[in-house]
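Report on the following structure.
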Amino acid sequence: MLQFFQSNDLSALTNAFCQRSQLNDTDPFTPSTVIVQSYGTGQWLKLQLAASQGISANLDCVLPAHFIWGLYRNLLDQPKQSPMDKDLLTWRLMSILPGQGSPEFEGIRSYLSIPGDRDLRTFQLASKIAGLFDQYLVYRPEWLLAWEEDKDPIASNPHRWQPLLWRTLMQENPELKEQHRARLHQRLLKRLEKLDEPDLLPQHLSLFGLSSLPLIQLDTFRALSAHIDVDIYFMNPCRHYWGDIVSEKDMAKRSIRELIGKTEPLEEEDYLEVGNPLLASMGKQGREFLELILETDRVNSFDAFVETSVDTALGFLQNDILNLEFGGQFGSSSITRQVKLKDDDHSIQVHSCHSKLREIEILYDQLLLIFSANPQITPADVIVMTPNVADYAPFIHSVFKKQIHYGIADRSLLQQSALVGSFCKLLELPDSRLTSVEVMDFLEVPAIARKFKLGEEELNTISYWINGAGIRWEIDGRVKSKRWQVPDNPQNTWRFGLDRLLLGMAMDSSNGIFEGDFPFDLESGDPKLLGTLCLIVQLIDDFRQLLAAPKTASAWQAAINAVLAELFIPLDEEALDLSMIQTLMQKLVDDTQTCGYEGDLSGQLVRYWINQQLAVIQSSMGFISGGITFATLIPMRSIPFKVVGLLGMNDLEYPREDRPVSFD
Numbered sequence: 018m019l020q021f022f023q024s025n026d027l028s029a030l031t032n033a034f035c036q037r038s039q040l041n042d043t044d045p046f047t048p049s050t051v052i053v054q055s056y057g058t059g060q061w062l063k064l065q066l067a068a069s070q071g072i073s074a075n076l077d078c079v080l081p082a083h084f085i086w087g088l089y090r091n092l093l094d095q096p097k098q099s100p101m102d103k104d105l106l107t108w109r110l111m112s113i114l115p116g117q118g119s120p121e122f123e124g125i126r127s128y129l130s131i132p133g134d135r136d137l138r139t140f141q142l143a144s145k146i147a148g149l150f151d152q153y154l155v156y157r158p159e160w161l162l163a164w165e166e167d168k169d170p171i172a173s174n175p176h177r178w179q180p181l182l183w184r185t186l187m188q189e190n191p192e193l194k195e196q197h198r199a200r201l202h203q204r205l206l207k208r209l210e211k212l213d214e215p216d217l218l219p220q221h222l223s224l225f226g227l228s229s230l231p232l233i234q235l236d237t238f239r240a241l242s243a244h245i246d247v248d249i250y251f252m253n254p255c256r257h258y259w260g261d262i263v264s265e266k267d268m269a270k271r272s273i274r275e276l277i278g279k280t281e282p283l284e285e286e287d288y289l290e291v292g293n294p295l296l297a298s299m300g301k302q303g304r305e306f307l308e309l310i311l312e313t314d315r316v317n318s319f320d321a322f323v324e325t326s327v328d329t330a331l332g333f334l335q336n337d338i339l340n341l342e343f344g345g346q347f348g349s350s351s352i353t354r355q356v357k358l359k360d361d362d363h364s365i366q367v368h369s370c371h372s373k374l375r376e377i378e379i380l381y382d383q384l385l386l387i388f389s390a391n392p393q394i395t396p397a398d399v400i401v402m403t404p405n406v407a408d409y410a411p412f413i414h415s416v417f418k419k420q421i422h423y424g425i426a427d428r429s430l431l432q433q434s435a436l437v438g439s440f441c442k443l444l445e446l447p448d449s450r451l452t453s454v455e456v457m458d459f460l461e462v463p464a465i466a467r468k469f470k471l472g473e474e475e476l477n478t479i480s481y482w483i484n485g486a487g488i489r490w491e492i493d494g495r496v497k498s499k500r501w502q503v504p505d506n507p508q509n510t511w512r513f514g515l516d517r518l519l520l521g522m523a524m525d526s527s528n529g530i531f532e533g534d535f536p537f538d539l540e541s542g543d544p545k546l547l548g549t550l551c552l553i554v555q556l557i558d559d560f561r562q563l564l565a566a567p568k569t570a571s572a573w574q575a576a577i578n579a580v581l582a583e584l585f586i587p588l589d590e591e592a593l594d595l596s597m598i599q600t601l602m603q604k605l606v607d608d609t610q611t612c613g614y615e616g617d618l619s620g621q622l623v624r625y626w627i628n629q630q631l632a633v634i635q636s637s638m639g640f641i642s643g644g645i646t647f648a649t650l651i652p653m654r655s656i657p658f659k660v661v662g663l664l665g666m667n668d669l670e671y672p673r674e675d676r677p678v679s680f681d
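Letter 354 of the sequence shown, counting from 1, is numbered 371 in the working numbering, and no numbers are missing.
Encoded structure:
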């Protein structure tokens, strides 16, 4: 049976979930499966279940796509990883894109022939197309099934190359034809219709707090509800039907589009209703998901809507959305009401600040006021969201560190780890001017300094030598001329400066110039440290050349591992970061081998791929860590914190502009 619980209060949904959990007579050693939209929601739900029942154990919180692929594995005998995974699909497309010679691919051939790194350009295009095909598999599976039968359901398709490319992909990899989601979804629904092995399914399934689901996934859960109980806990801000509620912007678009050419007089049903502006403009996904749920046959619905106090601005706003009170026909004037609010109402505050640092400082002051006025509110009850939390991380550290406990979520490994950041800068050596500042930045990374036994005193000495010897950029005059098209004068290069330092170690400056070089006096010479500096510069130059030449994926793995071994000695968490990089290089080898891609990869392509992988947001890290939670403003952050703060609500930053590719 499909059970639908809806409320405007996530705490009420949580109470319903906890009560249902107690009623379910399941084996305590069997995991209870909960489908969530983010791992942060799953973590919060476990804490709420523990607070309600005294313990939370064996709660398996998974994302919808992961759960459904698990069904494909159990019921349809599919591998652990989808062969149509976006990363794998990118390499498959990269293999076949350059060989497409039909007229429909003229635009793609023209794009790939632009001067520059062709490997990188091909990979980037293949990645965009792979992402697009991945979306088609979820939201337009019927298109791809029709393309495979040499049909095109899109009238006057302006991108005729897409069906051709999809068919070529299936012909080059015939095993994929039965392994992509569109086919697997059809097979799964047929399998569930005749399923006589209930042990292959979970005993009970809950979908908690999802704001939307693609139809292909919702159909799967509907089919499952014929065999097991499926509970959907939906955060619905409005107790009334609001399927016809639209924003004024959409209202204008839709009204014009639908009424053009209509000759008879307009009637009342020609107009759509405008509800609360926030509900209309920000509730599109929830509205569409609610429509899909309401279309489902055999669903039990349970409501748990909660009225809030209207003596605060926030309470009035919440009730206004809940009861759909602010509304009217298209073109009607705004409705005004007289509402008596508390004199000390601070439930909604807006602060205009001149910088990011000032935003954080005002936030800090306001939180102290809230904590002092409401002792029952703790830092763990506060969430602060911003369009990009990484931009605010240094200011958060400077203001909150050692003052209030906090955690920062939604940052990638590249943004969190100094070792990973320095590694990515090393990968850019082929395009670097090899300045003295860049080299000193490398030497100050703890894992590199540890490798060459450089303490603060040694680093200060090296910095003094570099500045005194006149070292500014590039390895020598010949390389400077070849790379940057400037005269091959060796002055201010590393070779020029190191020669001066070595002469200063061997002779006194009073002896004059030796073979055109003037020695730099080393008052307290340290031959071992100078030798270390020469070794480091030579290693950097060697790696620079190594990382510039195109290589196969396995050769790149060996080269990167050599860089890591020669330059880094990690400690504690740094060892995990280093292991992550090594795992990443193994993934590159595995993915290319799985897809049969055997060509050489340019340095720019590998650098782009590594940065892309390391930039993946680790959303589960730092979320609900016991203090104030700083996070990126993304869907389903509606966990009921007592205090919600927003930073960076600036023009051009929010709402974020998502530009789809032109051939979508």
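For glycine and all other residues, C-beta sits at the position ideal for the given N, C-alpha and C.
Please read these numbers as outputs of a predicted model, since none were measured by experiment.
Cβ pair residue i, residue j closer than 9 Å
{"i": "Ala570", "j": "Leu593", "result": "no"}
{"i": "Thr237", "j": "Leu212", "result": "no"}
{"i": "Met402", "j": "Leu664", "result": "yes"}
{"i": "Phe319", "j": "Glu376", "result": "no"}
{"i": "Val406", "j": "Ser223", "result": "no"}
{"i": "Pro254", "j": "Leu296", "result": "yes"}
{"i": "Ile131", "j": "Leu142", "result": "no"}
{"i": "Phe306", "j": "Leu227", "result": "yes"}
{"i": "Arg198", "j": "Leu92", "result": "no"}
From the options, residue whose alpha carbon lies closest to that of residue i
{"i": "Thr646", "options": "Ala466, Val155, Leu93 and Trp61", "result": "Trp61"}
{"i": "Gln117", "options": "Arg138, Leu186 and Ser596", "result": "Leu186"}
{"i": "Phe34", "options": "Ser69, Phe140 and Pro48", "result": "Ser69"}
{"i": "Thr31", "options": "Phe46, Pro48, Thr50 and Lys63", "result": "Lys63"}
{"i": "Gln39", "options": "Ala74, Gly59 and Gly57", "result": "Ala74"}
{"i": "His257", "options": "Ala82, Leu241, Asn293 and Tyr156", "result": "Asn293"}
{"i": "Leu518", "options": "Gln508, Asn506 and Asp538", "result": "Asp538"}
{"i": "Ser679", "options": "Leu149, Leu110 and Cys78", "result": "Leu149"}
{"i": "Asp558", "options": "Glu445, Gln629 and Glu615", "result": "Glu445"}
{"i": "Leu181", "options": "Val155, Glu210 and Ile146", "result": "Ile146"}
{"i": "Val53", "options": "Arg673, Ile656, Asp675 and Leu162", "result": "Ile656"}
{"i": "Leu563", "options": "Ile553, Gly87 and Ala575", "result": "Ala575"}
{"i": "Asp134", "options": "Thr609, Val623, Ala632 and Leu110", "result": "Val623"}
{"i": "Arg138", "options": "Leu550, Pro115, Pro81 and Lys168", "result": "Pro115"}
{"i": "Ile113", "options": "Cys612, Gln630, Ile627 and Arg37", "result": "Cys612"}
Three-state class that DSSP yields for residue i in the structure shown
{"i": "His221", "result": "strand"}
{"i": "Tyr288", "result": "Reliability of the predicted coordinates at Tyr288 is poor, the pLDDT of 40 falling under 50, and the value obtained from them is presented with this limitation in mind. Tyr288: coil per DSSP, three-state reduction."}
{"i": "Gly616", "result": "coil"}
{"i": "Asp516", "result": "helix"}
{"i": "Val462", "result": "coil"}
{"i": "Asn405", "result": "coil"}
{"i": "Thr609", "result": "helix"}
{"i": "Gly662", "result": "strand"}
{"i": "Lys359", "result": "coil"}
{"i": "Lys168", "result": "coil"}
{"i": "Lys145", "result": "helix"}
{"i": "Lys419", "result": "coil"}
{"i": "Lys103", "result": "helix"}
{"i": "Arg271", "result": "Bear in mind that a pLDDT of 47 at Arg271, under 50, signals an unreliable position, so the number given afterwards is only what the model happens to contain. If DSSP states are grouped into helix, strand and coil, Arg271 belongs with the helices."}
{"i": "Lys470", "result": "coil"}
{"i": "Lys373", "result": "helix"}
{"i": "Ile97", "result": "The amino acid at residue 97 is misidentified as Ile; the sequence shows Lys. Coil, per DSSP."}
{"i": "Pro120", "result": "helix"}
{"i": "Gln203", "result": "helix"}
Contact belief for residue i with residue j at Cβ below 8 Å, rounded distance in angstroms
{"i": "Pro404", "j": "Thr107", "result": "About 27 Å separates the two Cβ atoms, so there is no contact after all."}
{"i": "Pro396", "j": "Tyr423", "result": "7 Å"}
{"i": "Leu595", "j": "Leu581", "result": "6 Å"}
{"i": "Ala464", "j": "Leu436", "result": "5 Å"}
{"i": "Asp246", "j": "Gln20", "result": "7 Å"}
{"i": "Ser439", "j": "Met457", "result": "The Cβ separation is near 12 Å, so there is no contact."}
{"i": "Trp164", "j": "Trp178", "result": "11 Å between Cβ atoms; not a contact."}
{"i": "Thr58", "j": "Phe225", "result": "7 Å"}
Bridge-paired residues (DSSP) for residue i
{"i": "Thr646", "result": "Ile400 and Gly424"}
{"i": "Leu19", "result": "Val247 and Val316"}
{"i": "Leu76", "result": "Ser49"}
{"i": "Met252", "result": "Ser24"}
{"i": "Lys568", "result": "Leu618"}
Test: residue i CB closer than 9 Å to a CB of chain D
{"i": "Ile394", "result": "The chain inventory of the structure shown lacks chain D, comprising one protein chain alone."}
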